[in-house]
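Start counting the sequence shown at 1; every next residue gets the next number (full-length UniProt numbering).
Glycine included, each C-beta is placed from N, C-alpha and C at the ideal position.
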Amino acid sequence: MLNFGNLDGSTHFRDQQKVKAGPVTIINTFVAPEGKEDEVVAAWTDDAEYMKKSGSLLSVQLYRGIGGSRLFTNVAVWKSTEHLRAALGTPEFASHLEGYPVGTVAYPHLYQKVAVEGVCEGE
Numbered sequence: 001m002l003n004f005g006n007l008d009g010s011t012h013f014r015d016q017q018k019v020k021a022g023p024v025t026i027i028n029t030f031v032a033p034e035g036k037e038d039e040v041v042a043a044w045t046d047d048a049e050y051m052k053k054s055g056s057l058l059s060v061q062l063y064r065g066i067g068g069s070r071l072f073t074n075v076a077v078w079k080s081t082e083h084l085r086a087a088l089g090t091p092e093f094a095s096h097l098e099g100y101p102v103g104t105v106a107y108p109h110l111y112q113k114v115a116v117e118g119v120c121e122g123e
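This is how it looks when you write it as structure tokens:
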């Protein structure tokens with residue numbers, strides 16, 4: 001079963017989903033229990049395949065820490081917070097959370113691009 005943590009105690013993921021914005025990027029870092037890394041990848045794959053069927057997921061990529069790290073980071077771009085909230089709120093998605101090995105912790109957070117003049121484009 002997947003447990004959730006917060007990287008920013010002042011802004012909880014649940015509250016971020018209430019903001020009307022789009023597109024939004026969810027960056028979700030998972031800490032896999034020792035020896036359960038392959039199970040986390042399998043559970044994440046199952047989630048990603050389900051989310052892709054929503055039609056609102058614009059892109060998704062999983063990253064893995066190197067050098068024996070047990071960290072995985074999911075970077076997924078959604079059309080809007082409303083679309084993400086709808087996908088997360090289904091009973092089907094809730095059942096996917098049970099596929100993660102006991103002790104897995106996820107730290108989801110929502111982001112939008114920021115324009116920095118001369119360096120990067122924003123929304």
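Only counting the same chain, and skipping five residues up and downstream in sequence, which positions put a Cβ closer than 8 Å to that of residue i?
i, result
"residue 12", "6"
Here's a check: name, in chain order, each residue in its chain whose Cβ is nearer than 7 Å to the Cβ of residue i, leaving out the five neighbours to either side.
i, result
"residue 77", "23, 25, 58 and 59"
Please identify the residue among the options whose C-alpha is closest to the C-alpha of residue i.
i, options, result
"residue 87", "52, 109, 69 and 98", "52"
"residue 109", "69, 119 and 73", "73"
"residue 62", "45, 55 and 50", "45"
"residue 8", "111, 120 and 116", "111"
"residue 94", "14, 35, 66 and 47", "47"
Give the range of the beta strand (DSSP E) segment to which residue i is assigned.
i, result
"residue 88", "Counting along the chain, residue 88 falls outside any beta strand (DSSP E), though it belongs to the alpha helix (DSSP H) covering 81-88."
"residue 59", "57-64"
"residue 150", "Missing from the structure shown is residue 150; the chain here goes from 1 to 123 and no further."
"residue 110", "104-111"
"residue 2", "2-4"
Starting from the C-beta of residue i, find all residues in its chain whose C-beta is less than 6 Å away, skip the five residues before and the five after it, and write them out in chain order.
i, result
"residue 106", "2, 4, 28 and 30"
"residue 43", "99 and 100"
Hey, quick one: how far does the alpha helix (DSSP H) through residue i stretch, first residue to last?
i, result
"residue 76", "Note, residue 76: premise wrong, no alpha helix (DSSP H); beta strand (DSSP E) at 71-78."
Roughly how far, in whole angstroms, is the beta-carbon of residue i from the beta-carbon of residue j, given that I think they are within contact range, below 8 Å?
i, j, result
"residue 17", "residue 85", "5 Å"
Whether or not the segment 28-44 and the segment 99-107 are in contact is what I'm after, with contact meaning three or more pairs of Cβ atoms, one per stretch, closer than 8 Å; do they touch? Touching, yes, given that three or more Cβ pairs across the two stretches are closer than 8 Å.
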